[in-house]
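Colleague: Pasting a structure below so you can have a look.
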Amino acid sequence: NAGVTQTPKFRVLKTGQSMTLLCAQDMNHEYMYWYRQDPGMGLRLIHYSVGEGTTAKGEVPDGYNVSRLKKQNFLLGLESAAPSQTSVYFCASSYLPVGGGEQYFGPGTRLTVT
Amino acid sequence: RKEVEQDPGPFNVPEGATVAFNCTYSNSASQSFFWYRQDCRKEPKLLMSVYSSGNEDGRFTAQLNRASQYISLLIRDSKLSDSATYLCVVMPNTGNQFYFGTGTSLTVIP
Numbered sequence: 001n002a003g004v005t006q007t008p009k010f011r012v013l014k015t016g017q018s019m020t021l022l023c024a025q026d027m028n029h030e031y032m033y034w035y036r037q038d039p040g041m042g043l044r045l046i047h048y049s050v051g052e053g054t055t056a057k058g059e060v061p062d063g064y065n066v067s068r069l070k071k072q073n074f075l076l077g078l079e080s081a082a083p084s085q086t087s088v089y090f091c092a093s094s095y096l097p098v099g100g101g102e103q104y105f106g107p108g109t110r111l112t113v114t
Numbered sequence: 001r002k003e004v005e006q007d008p009g010p011f012n013v014p015e016g017a018t019v020a021f022n023c024t025y026s027n028s029a030s031q032s033f034f035w036y037r038q039d040c041r042k043e044p045k046l047l048m049s050v051y052s053s054g055n056e057d058g059r060f061t062a063q064l065n066r067a068s069q070y071i072s073l074l075i076r077d078s079k080l081s082d083s084a085t086y087l088c089v090v091m092p093n094t095g096n097q098f099y100f101g102t103g104t105s106l107t108v109i110p
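So the sequences go chain by chain: E and R. Residue numbering for the first sequence follows the numbering used here, starting at 1 and increasing by one per position. Residue numbering for the second sequence follows the numbering used here, starting at 1 and increasing by one per position.
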């Protein structure tokens, strides 16, 4: 099993450009999450999904959109990138609801917006 | 006030030392607690869950103090391979999300 994979691993965007980050998991997990990690801030939840076709806002959703069209994939979109969105983005998945067990993280995407 | 607060360190300890980290949380109704480990430029990975009665996994012991709203992680006989950032994670009794602390950096020195 590959676990949780993320593409791309690195990306540099100019302000105003758009992009989509792809997260894929092969563990048949219902729950998937997108976090961002910034120095001194810890990981913060952007959006999450409790199943195929569902999405919900997390702690810092502004400027991002998500879609979960297939159970194994969770996409994070930036429609108009801003320098404040420079961060490391982690996707995670879990079999049980949050708090019920382990979250498995992908390797991260390092995004720089200039 | 942040949901979860940790001393960022860094903690620099010699091999074989015992080191302890504390983490405080603000929501008294929080119900699930975890320690994750994150190596430099890598993803976080679950180290251990924290149960009300405390729990131990080899050299690692986690404890929960609900009255004072903190959790702790004790590492005995530190190894070089323990060098990492340790993230405290708390789930409140509402919602579907974790709250992560900013992490405590540990370096074990030969």
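Using N, Cα and C, we set each Cβ at its ideal position, and we do this for glycine too. On a predicted model such as this, the values are computed, not experimentally measured, just so you know.
Shorter than 8 Å from the beta carbon of R:Phe11 to some beta carbon of chain E?
Modeller: For the purposes of this step, residue 11 of chain R is identified with residue 11 of the second sequence, where counting begins at 1. By this cut-off, R:Phe11 is not an interface position.
Colleague: Please state the DSSP three-state secondary structure of R:Asp82.
Modeller: Within the second sequence, numbered from 1, the residue matching residue 82 of chain R stands at position 82. Helix, per DSSP.
Colleague: Comparing the C-beta of R:Thr102 with each C-beta of chain E, is any distance below 8 Å?
Modeller: Indexing the second sequence from 1 puts residue 102 of chain R at position 102. Closer than 8 Å: yes.
Colleague: Below 8 Å on C-beta distance, what does R:Leu74 contact in chain E?
Modeller: The count along the second sequence starts at 1 and reaches residue 74 of chain R at position 74. Residues of chain E passing the Cβ test: none, with the nearest at roughly 21 Å.
Colleague: In the structure shown, what three-state DSSP assignment does R:Pro44 receive?
Modeller: Taking the first residue of the second sequence as 1, we reach residue 44 of chain R at position 44. Of the three classes helix, strand and coil, the one that applies to R:Pro44 here is strand, per DSSP.
Colleague: Are the Cβ atoms of E:Leu78 and E:Trp34 separated by less than 8 Å?
Modeller: Taking the first sequence and counting its residues from 1, one reaches residue 78 of chain E at position 78. Taking the first sequence and counting its residues from 1, one reaches residue 34 of chain E at position 34. For E:Leu78 and E:Trp34, no; Cβs fall outside 8 Å.
Colleague: Counting only Cβ pairs nearer than 8 Å, list the residues of chain E close to R:Gln69.
Modeller: Counted from its first residue, the second sequence places residue 69 of chain R at position 69. Those within 8 Å of R:Gln69 in chain E number zero; the least Cβ separation is about 17 Å.
Colleague: Decide if E:Ala81 is buried, meaning its Cβ has at least 16 other Cβ atoms within 10 Å, or exposed.
Modeller: Translated into positions along the first sequence, residue 81 of chain E becomes position 81. It counts as buried.
Colleague: Can the beta-carbon of R:Tyr36 be found less than 8 Å from the beta-carbon of R:Leu87?
Modeller: Against the second sequence, residue 36 of chain R aligns to sequence position 36. Against the second sequence, residue 87 of chain R aligns to sequence position 87. Yes, the pair counts as a contact, with Cβ atoms nearer than the cut-off.
Colleague: Give the C-beta separation of R:Val4 and R:Gly101 to the nearest angstrom, bearing in mind that I take them to be a contact with Cβ-Cβ under 8 Å.
Modeller: Position 4 of the second sequence holds residue 4 of chain R. Position 101 of the second sequence holds residue 101 of chain R. Cβ-Cβ separation between R:Val4 and R:Gly101: approximately 4 Å, consistent with a contact (criterion under 8 Å).
Colleague: Measure the C-alpha to C-alpha separation of R:Phe11 and E:Lys70 and round it to an integer number of angstroms.
Modeller: Taking the second sequence and counting its residues from 1, one reaches residue 11 of chain R at position 11. Taking the first sequence and counting its residues from 1, one reaches residue 70 of chain E at position 70. Each residue's Cα considered, the two are about 43 Å apart.
Colleague: Determine, using beta carbons only, whether E:Pro107 comes closer than 8 Å to chain R.
Modeller: Against the first sequence, residue 107 of chain E aligns to sequence position 107. Yes, E:Pro107 counts as interfacial toward chain R.
Colleague: Suppose only complete runs of 3+ residues qualify. What are the beta strand (DSSP E) ranges in the region 7 to 81 of chain E, listed by chain order?
Modeller: The qualifying runs are 10 to 13, 19 to 25, 31 to 38, 42 to 49, 65 to 67 and 73 to 78.
Colleague: Touching or not, the region 88 to 97 of chain E and the region 10 to 18 of chain E, by the rule of three or more beta carbon pairs under 8 Å?
Modeller: no
Colleague: For E:Phe90, return the contacting residues in chain R, with the cut-off set at a CB-CB distance below 7 Å.
Modeller: For the purposes of this step, residue 90 of chain E is identified with residue 90 of the first sequence, where counting begins at 1. Within chain R, the residues near E:Phe90 are Glu43.
Colleague: Taking C-beta to C-beta, are E:Ala24 and E:Gln72 nearer than 8 Å?
Modeller: On the first sequence, position 24 is the one that residue 24 of chain E refers to. On the first sequence, position 72 is the one that residue 72 of chain E refers to. A Cβ-Cβ contact shorter than 8 Å links E:Ala24 with E:Gln72.
Colleague: Measuring straight from C-alpha to C-alpha, what distance separates R:Phe34 and E:Tyr64?
Modeller: Here residue 34 of chain R refers to the residue found at position 34 of the second sequence. Here residue 64 of chain E refers to the residue found at position 64 of the first sequence. Each residue's Cα considered, the two are about 27 Å apart.
Colleague: According to the neighbour-count rule (16 or more other Cβ atoms, all chains shown, within 10 Å of its Cβ), is R:Val89 buried or exposed?
Modeller: If you number the second sequence from 1, residue 89 of chain R lands on position 89. With 16 or more other Cβ atoms within 10 Å, it is buried.
Colleague: What residues from chain R crowd round E:Gly58, counting only those whose CB sits closer than 8 Å?
Modeller: Residue 58 of chain E sits at position 58 when you count from the first residue of the first sequence. In chain order: Gln97.
Colleague: Please identify the residue among R:Met48, R:Ala17 and R:Lys42 whose C-alpha is closest to the C-alpha of R:Ser32.
Modeller: What you label residue 32 of chain R is simply residue 32 of the second sequence in a count that begins at 1. Among R:Met48, R:Ala17 and R:Lys42, the Cα nearest to that of R:Ser32 is on R:Met48.
Colleague: Would R:Leu80 be called buried (16 or more neighbouring beta carbons within 10 Å of its own) or exposed?
Modeller: For the purposes of this step, residue 80 of chain R is taken as residue 80 along the second sequence, with counting starting at 1. Exposed: under 16 other Cβ atoms inside 10 Å.
Colleague: Going by DSSP, which residues form a beta bridge with R:Pro14?
Modeller: Stepping through the second sequence from its first residue, residue 14 of chain R is reached at position 14. Looking at the DSSP assignment, R:Pro14 forms a beta bridge with R:Ile109.
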